[in-house]
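A short worksheet on the structure shown next.
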Amino acid sequence: MVRISSVSKHPTSSYKSSSMPNYHTSQPKPDTAIDRTVPDFPIAQVSDEDRYFNTHEAPEYLPQIEQQVQQFIDHHHTQTGKSVVLVTSGGTTVPLENNTVRFIDNFSAGTRGATSAEYFLENGYAVIFLHREFSLLPYSRHYSHTTNCFLDYMTERNNKVEIDDKFADEMLVVLRKYKQAQSTQSLLSIPFTTVNQYLYTLKSVSKLLQQLDSKALFYLAAAVSDFFLPSSRIPQHKIQSQASGKLVVDLEQVPKFLRRLVDSWAPSAMIVSFKLETDDSILIKKAKGALERYQHQLVIGNLLQTRKKEIVFVTVDGNQKWVRLTDQELQDGVEIESLIIPEVIKEHSKWITQHK
Ligand code: PAZ
Numbered sequence: 000m001v002r003i004s005s006v007s008k009h010p011t012s013s014y015k016s017s018s019m020p021n022y023h024t025s026q027p028k029p030d031t032a033i034d035r036t037v038p039d040f041p042i043a044q045v046s047d048e049d050r051y052f053n054t055h056e057a058p059e060y061l062p063q064i065e066q067q068v069q070q071f072i073d074h075h076h077t078q079t080g081k082s083v084v085l086v087t088s089g090g091t092t093v094p095l096e097n098n099t100v101r102f103i104d105n106f107s108a109g110t111r112g113a114t115s116a117e118y119f120l121e122n123g124y125a126v127i128f129l130h131r132e133f134s135l136l137p138y139s140r141h142y143s144h145t146t147n148c149f150l151d152y153m154t155e156r157n158n159k160v161e162i163d164d165k166f167a168d169e170m171l172v173v174l175r176k177y178k179q180a181q182s183t184q185s186l187l188s189i190p191f192t193t194v195n196q197y198l199y200t201l202k203s204v205s206k207l208l209q210q211l212d213s214k215a216l217f218y219l220a221a222a223v224s225d226f227f228l229p230s231s232r233i234p235q236h237k238i239q240s241q242a243s244g245k246l247v248v249d250l251e252q253v254p255k256f257l258r259r260l261v262d263s264w265a266p267s268a269m270i271v272s273f274k275l276e277t278d279d280s281i282l283i284k285k286a287k288g289a290l291e292r293y294q295h296q297l298v299i300g301n302l303l304q305t306r307k308k309e310i311v312f313v314t315v316d317g318n319q320k321w322v323r324l325t326d327q328e329l330q331d332g333v334e335i336e337s338l339i340i341p342e343v344i345k346e347h348s349k350w351i352t353q354h355k
């Protein structure tokens with residue numbers, strides 16, 4: 000049975016700012032997407048891991064993050080007993096210059112990650128939210144970015160700014176949940192921007208989470224670039240106009256570190272990855288392929304065009320289970336993450352029981 004949570008009935012779904020257009024310019028044309036039928040790039044071995052991390056510098060702030068994460072883990076391990084989920088969210092940038100003027104990016108706004116984080120929190124998890132900086136955040140997502148301008152929620156009364164009565168009740172629900180997450184120290188937000196920052200932070204956080212054994216859960220919803228420009232070939236300054244009239248960028252494959260995560264960084268944790276495709280005829284094959292290659296526990300498949308209304312769970316026993324929102328549910332503002340997260344938690348509980 001589908002429940003509509005109070006957050007999902009929020010103005011994000013029911014209210015559209017009057018000053019904003021009701022169409023989107025950010026949706027790519029699916030028929031121009033790249034051909035994903037080419038064979039998969041090999042999984043990363045220990046030597047690939049060594050090579051990557053020996054030839055790319057760690058972000059200088061990494062020790063600070065490690066300290067924050069250790070404190071967060073200690074708190075929940077000793078004080079609350081909560082399971083901890085690492086939610087990754089948003090796209091990555093691939094800088095083309097060290098002093099970055101230009102970069103390659105992708106479409107992900109972090110909706111899946113930020114929304115999922117809220118449902119994990121509501122279901123009693125502590126959440127480490129590893130997100131692309133300036134992408135959507137849990138709770139504030141209802142009022143940030145341009146589709147819902149926060150100023151439209153406000154009104155002026157007696158020379159003071161107030162929340163418009165129309166929205167106050169719903170905003171109070173979100174505010175309370177946000178404050179609850181803060182006061183219980185259940186949400187730790189960690190930013191990244193580039194692929195390199197993402198990889199370093201993922202590795203560090205994973206190794207720390209291994210301390211929680213099976214009570215650690217990975218929910219890898221970020222859209223991480225498959226290609227990057229290695230630091231040995233990245234120019235220091237802005238690329239100048241080329242005499243040839245062309246700019247040829249020679250990118251390399253980002254090593255597929257998921258297998259290292261499963262085998263070495265956090266082998267006792269349950270790991271859920273996402274598989275995004277644009278061609279529905281290859282989605283299931285790709286999801287099954289990912290499970291075989293990386294040997295983790297669950298893949299959630301989704302298509303770019305329909306990702307907000309349907310997803311498919313693909314498990315190691317070869318089963319597939321589609322979860323779809325009905326038109327009525329979509330109209331009522333039900334978020335598909337409100338159905339995904341309880342299923343994932345059920346699988347995680349089984350995983351914990353198996354490992355006791
Ligand atoms: O951020 P968003 O809500 O716009 O999109 C979510 C998503 C499609 C990036 C996510 O559900 C996903 O599939 N992530 C993994 C992408 C991949 O590497 O295949």
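Sequential numbering of the sequence shown, starting at 0, is according to numbering that gives the first Met the number 0.
Ideal placement from N, C-alpha and C gives every residue a C-beta, glycine not left out.
Since the model is a prediction, treat every value here as computed from it, not as a measurement.
In chain order, what residues of the same chain have a beta carbon less than 7 Å from the beta carbon of residue 100, not counting five sequence neighbours either side? Position 101 of the sequence shown, counting from 1, holds the residue named residue 100. Hits under 7 Å: 237.
Would the C-beta of residue 110 count as close to ligand 1, meaning under 6 Å from any of its heavy atoms? Taking the sequence shown and counting its residues from 1, the one referred to as residue 110 is at position 111. Under cutoff, so the answer is yes.
Rounded separation between residue 305 and residue 298 - CA only: Walking along the sequence shown from the start, residue 305 turns up at place 306. Walking along the sequence shown from the start, residue 298 turns up at place 299. Spanning the two alpha carbons is a distance of roughly 17 Å.
Does the stretch 89–98 touch the stretch 230–245, meaning 3 or more C-beta pairs lie closer than 8 Å? yes
Can you name the residues that DSSP bridges to residue 199? The sequence position of residue 199 within the sequence shown is 200, counting from 1. The partner list for residue 199 (beta bridge, DSSP) is empty, contrary to what the question assumes.
Can you find at least 3 beta carbon pairs, one from the stretch 216–230 and one from the stretch 102–118, that sit closer than 8 Å? Contact between the stretch 216–230 and the stretch 102–118 is established, with three or more Cβ pairs separated by less than 8 Å.
How many Å lie between residue 118 and residue 42 at the Cα? Along the sequence shown, read from residue 1 onward, the residue named residue 118 stands at position 119. Along the sequence shown, read from residue 1 onward, the residue named residue 42 stands at position 43. Approximately 32 Å, taken between the alpha carbons.
Looking at ligand 1, does it come within less than 6 Å of residue 211, judged from the CB to the closest heavy atom? Against the sequence shown, residue 211 aligns to sequence position 212. Incorrect: residue 211 has no Cβ contact closer than 6 Å to ligand 1.
Does the Cβ of residue 273 lie closer than 6 Å to at least one heavy atom of ligand 1? Taking the sequence shown and counting its residues from 1, one reaches residue 273 at position 274. Yes, since a heavy atom of ligand 1 falls inside the 6 Å radius drawn around the Cβ of residue 273.
On the CB-based measure, 16 or more other CB atoms within 10 Å of its CB, does residue 320 come out buried or exposed? One-based indexing of the sequence shown puts residue 320 at position 321. Exposed: under 16 other Cβ atoms inside 10 Å.
Since residue 295 and residue 280 are thought to touch, with beta carbons under 8 Å apart, how far apart are those beta carbons, to the nearest angstrom? Counted from its first residue, the sequence shown places residue 295 at position 296. Counted from its first residue, the sequence shown places residue 280 at position 281. The pair is not a contact, with the Cβ atoms about 24 Å apart (cut-off 8 Å).
At a cut-off of 6 Å, is residue 107 close to ligand 1 when judged by its beta-carbon and the heavy atoms of the ligand? In the sequence shown, residue 107 corresponds to position 108, counting from 1. Yes, the Cβ of residue 107 comes within 6 Å of a heavy atom of ligand 1.
Opposing strand residues paired with residue 190 [DSSP bridges]: In the sequence shown, counting from the first residue as 1, residue 190 sits at position 191. Answer is 130, bridged to residue 190.
Shorter than 6 Å, the distance from the beta carbon of residue 258 to the closest heavy atom of ligand 1, or not? The residue you call residue 258 lines up with position 259 of the sequence shown. The answer is no for residue 258.
Given 8 Å, three or more beta-carbon pairs between the stretch 196–207 and the stretch 256–274: yes
What did DSSP end up calling residue 68 once you bin it into helix, strand or coil? On the sequence shown, position 69 is the one that residue 68 refers to. Residue 68: helix per DSSP, three-state reduction.
Near residue 83, what residues of its chain come up, given a Cβ to Cβ distance below 8 Å and the 5 sequence neighbours on each side ignored? Taking the sequence shown and counting its residues from 1, the one referred to as residue 83 is at position 84. Answer for residue 83: 71, 72, 75, 124, 125, 126, 127, 208, 211, 214, 215, 216, listed in chain order.
Separation of residue 247 from residue 345, as counted between CA atoms: Within the sequence shown, residue 345 is the residue found at index 346, counting from 1. Within the sequence shown, residue 247 is the residue found at index 248, counting from 1. So the two alpha carbons sit approximately 48 Å from each other.
Measuring only the C-alpha atoms, how far is residue 14 from residue 268? Looking up residue 14 in the sequence shown gives position 15. Looking up residue 268 in the sequence shown gives position 269. Its pLDDT being 48, under 50, residue 14 is placed unreliably in this model, and the value from its coordinates should be taken loosely. Near 39 Å, if we compare the C-alpha coordinates of residue 268 and residue 14.
Between the Cα of residue 368 and the Cα atoms of 338, 200, 259, 58, which residue gives the shortest distance? The chain is shown only over 0 to 355; residue 368 falls outside these bounds and no answer can be derived.
Taking the CB atoms as reference points, tell me whether residue 230 and residue 55 lie closer together than 7 Å. Along the sequence shown, read from residue 1 onward, the residue named residue 230 stands at position 231. Along the sequence shown, read from residue 1 onward, the residue named residue 55 stands at position 56. In contact: residue 230 and residue 55 (Cβ atoms closer than 7 Å).
Could you pull out every residue in the same chain whose Cβ sits closer than 6 Å to the Cβ of residue 284, ignoring the five residues on either side in sequence? For the purposes of this step, residue 284 is taken as residue 285 along the sequence shown, with counting starting at 1. Same-chain partners within the cutoff: there are none.
Mark residue 282 as exposed unless 16 or more other C-beta atoms lie within 10 angstroms of its C-beta, in which case mark it buried. In the sequence shown, counting from the first residue as 1, residue 282 sits at position 283. Residue 282 comes out buried.
Comparing alpha-carbon positions, which option in 85, 335, 94 lies nearest residue 195? In the sequence shown, counting from the first residue as 1, residue 195 sits at position 196. Residue nearest to residue 195 within the set 85, 335, 94 is 94 (criterion: CA-CA distance).
Could you tell me whether the Cβ atoms of residue 77 and residue 221 are closer together than 7 Å? For the purposes of this step, residue 77 is taken as residue 78 along the sequence shown, with counting starting at 1. For the purposes of this step, residue 221 is taken as residue 222 along the sequence shown, with counting starting at 1. Result no, Cβ atoms of residue 77 and residue 221 do not sit closer than 7 Å.
Do residue 147 and ligand 1 come close, with the Cβ less than 6 Å from some heavy atom? Position 148 of the sequence shown, counted from the first residue, corresponds to residue 147. Residue 147 Cβ: outside cutoff for every heavy atom of ligand 1.
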